[in-house]
Structures are given as structure tokens and as C-alpha cells.
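Novice: I'd like to ask you about the structure that follows.
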Amino acid sequence: MIITGKYPNLRLRRNRKNDWSRRLVQENNLSVNDLILPIFLIDGKNKKESIKSMPGVFRYSIDKIPTIVDKAIKFKIPMIALFPYTNKSIKNNLGLEALNENNLVCRAIRLIKKKYRNKIGIMCDVALDPYTSHGHDGLLKKGKILNDETVEILINQSLLQAEMGCDVIAPSDMMDGRIGKIRKALDKKNFDEVQILSYASKYASSFYGPFREAIGSYKTLKGDKKTYQMDFRNSSEALREVALDIKEGADIVMVKPGLPYLDIIKSIKENFKIPVFAYQVSGEYSMIKNSINKKIINENIIIETLIGFKRAGASAIVTYFADEIAKDLKNYK
Ligand code: PBG
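Each residue of the sequence shown is one higher than the last, beginning at 0 in numbering that gives the first Met the number 0.
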């Protein structure tokens, strides 16, 4: 710590006195380059459907995708993340819809790549939870989530998404060993340019509730995800997860949820010097959005939370506020 003087000749308030001076000494900032916008998909035509627990967020039918992607591109958001709401009738024990080349995600990737080419990046979750009747990210047998058998399906899900044109494969399932196996399979099929963003430190969290409503797995989820997602009491374990995923070939790692885990972002950044993304998840979004709507807090809280991620060392943030904040970043103080 360097201290160059002491009060009264040193007064730290001097630099804060004027707006122009505060702007000059800012250590961190947020730009549209830091934002990733999640988009929920739903079957049908001409649908923009609201989600009860996520005010201001919608599910879009494939034909309506341009309404939201046009906006993202206009605001220069670098990447979107696709998540499907799958009809119950299509779900089964094995989550086989994940491997259907005409599932919502595949159709959306094809449309977006055809219409927008490389103007915006596409990131896709690799996990089975939108497709399984039990709502788990992997195969469930006798109350257990099978690891290696699940990974075999995830490899095929990744290959399919890559084939459709997905730019960034994002395994969010927390199975052991999946990054290495997916990397190997992608390379073998000449998808060596496809990036892997590993949800390396993903915690078993109550903050995912609204997301599960959004993708239709809230009511169907049997039990919890504690045998594969991490215990929120742990931090060293997050570093072990990240170390393994880097060794296995992850290009970027994700920490999820966001705000309660800034310490994890910071220590990953300090220890590994790899790009770290943060996911400001659905529960965080809804708590903030509801409080803004009820005028309990003002909307500047959005930028305050997002800069918190930047301060901790995140390179980018997946946030349901991405379009709203990108639109008028200048209006936030
Ligand atoms: C599923 C997945 C989840 C989220 C992203 N991918 C939920 C979960 O693991 O149950 C949560 C995102 C959010 O809450 O915004 N693998």
C-alpha cells in the first residue's frame, strides 16, 4: 500500500469534488462490449410471451427472433445466449429433444446465422434440463445423476449446436470431465474454431428459480441439483473446478450466480489470468427489477451491480438487463 501523505494536506475528497474530476479518476467502467443478452425461445408463431417471475423478459417464437436480435445488434451487444422453453409433451427421461436438429435452439441458430451472419455471437447452453421430464441437467437413474453417460449425450448436443453454427458452446451441466471430451469431439469434427465457455463454478442456488419458470422446468424438477452443482459454502473448490476446465481446454470460464460470488470471480482472475464471465442470474434480475418497479430503489442499481462485476475482474456479464442498459448506458449515473 502506497500512502503519499496524510490529512490535512491529503484530502481524498478533492478528487471527488466535481463530476468531471470523478470521471477522470474512474477505475472501472461498463460498455456494451461487456454485455451478453439471454433470449428465451418458445414454439409457435408470432409469440412474445411474458414470464410471470421475470417482468420485462419474454419468450420469443422463432419468427419473432429478429425483433430482439435487431435490437441487440443496433445496441452493439456482442453476443446472445439462447434458452428454449420446451413443451412438456416433448420432454422425456433422457432429454432426447436436445439431439433433435429441429429443436428450438437449432432452428434459432440457423435463422440467426443466415440472417445476421457474424454480426453477433451466439452462445448455447449444453445441458439437458430444458429437455428432461425430471428437470435435471443429466440422466437420472435410481435417484442418481449419471456422469459419464450424460457426458456422452452432451458431446452430441455440442456437436449438433456447432454444426448449426453456434459460436460458443457453454456447458452448464457441471458433469466431471465434459470439457475435455467435448473439446476433443469438436476438434475431431473440424470445429476447432468453436469456443468453449465453461460454466466452471456453478453453484446449487436458489437464485435460479425464475429461469426455471422461464424454461418450464420449475414444476417438474425433482429434488435439487446439489450432487453436481457446487455447495455455496465453498471457494477453493471453485478454483479446482476452473483449473481442471482450463486443462481440458476451456477458453473462458463462468461464475454463476453473480453478485453473491464476486469473491470467486476475483480469485479466479488472480489465480488463472483467463477471461472470466459472470452470470447475473434470473433471481438477481427479478429481485432488482421488482424493487425498481415498486420504486423501492432507483434504476441506477443496475449499473452499480454490473460495475461490481467489472471491479471483481469479470470480462463480460450475462444479464437480462443487457438490452435495457445498452440502450441508454449514458443515462445511468
Ligand atoms: C441450466 C441452467 C440454469 C441456468 C442457466 N442454465 C439453471 C439451473 O442450473 O437450474 C440459470 C440461469 C438463471 O437463473 O438466470 N443448466
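Note that beta-carbon positions come from the ideal geometry of N, C-alpha and C, so glycine has one too.
Quick check: is any heavy atom of the ligand PBG less than 6 Å from the C-beta of D191?
Specialist: In the sequence shown, the residue the question calls residue 191 occupies position 192. D191: no, Cβ never under 6 Å from the ligand PBG.
Novice: Taking L93 as the reference, which of L139, L81, R239, R109 has the closest Cα?
Specialist: The residue labelled residue 93 in the question sits at position 94 within the sequence shown. Among L139, L81, R239, R109, the Cα nearest to that of L93 is on L139.
Novice: I need the DSSP call for T131, collapsed to helix, strand or coil.
Specialist: The sequence position of residue 131 within the sequence shown is 132, counting from 1. If DSSP states are grouped into helix, strand and coil, T131 belongs with the strands.
Novice: Between D327 and E151, what straight-line distance do the alpha-carbon atoms span, to the nearest angstrom?
Specialist: The residue labelled residue 327 in the question sits at position 328 within the sequence shown. The residue labelled residue 151 in the question sits at position 152 within the sequence shown. Cα-Cα distance, rounded: 44 Å.
Novice: When the Cα atoms are used, what is the spatial distance from S285 to Y278?
Specialist: Here residue 285 is taken as the residue at index 286 of the sequence shown, counted from 1. Here residue 278 is taken as the residue at index 279 of the sequence shown, counted from 1. Spanning the two alpha carbons is a distance of roughly 14 Å.
Novice: Return the chain-ordered list of same chain residues with a C-beta closer than 7 Å to the C-beta of Q156, the five sequence neighbours on each side being excluded.
Specialist: As a first step, residue 156 is located in the sequence shown; it is residue number 157 there, counting from the start. The answer, listed in chain order, is A97, L98, V125.
Novice: With DSSP as the reference, label T318 as helix, strand or coil.
Specialist: As a working mapping, residue 318 is identified with position 319 in the sequence shown. Here T318 sits in strand by DSSP.
Novice: Mind pulling the beta strand (DSSP E) runs of 3 or more residues that sit fully within the stretch 7 to 51?
Specialist: Runs of the beta strand (DSSP E) inside the stretch 7 to 51: 34 to 41, 47 to 49.
Novice: At what residue ranges does the stretch 213 to 273 contain a whole run of the beta strand (DSSP E), taking only runs of 3 or more?
Specialist: 251 to 255
Novice: When the Cα atoms are used, what is the spatial distance from S88 to H133?
Specialist: For the purposes of this step, residue 88 is taken as the residue at position 89 of the sequence shown. For the purposes of this step, residue 133 is taken as the residue at position 134 of the sequence shown. Whole-angstrom Cα-Cα distance: 13 Å.
Novice: On the three-pair Cβ rule with 8 Å, is the stretch 219 to 232 touching the stretch 288 to 308?
Specialist: no
Novice: Flag S216 as yes if its beta-carbon sits less than 7 Å from any beta-carbon of chain B, otherwise no.
Specialist: No chain B is part of this structure, which consists of one protein chain only.
Novice: Identify whether N146 lies in helix, strand or coil by the three-state DSSP scheme.
Specialist: Position 147 of the sequence shown, counted from the start, is the residue given in the question as residue 146. If DSSP states are grouped into helix, strand and coil, N146 belongs with the helices.
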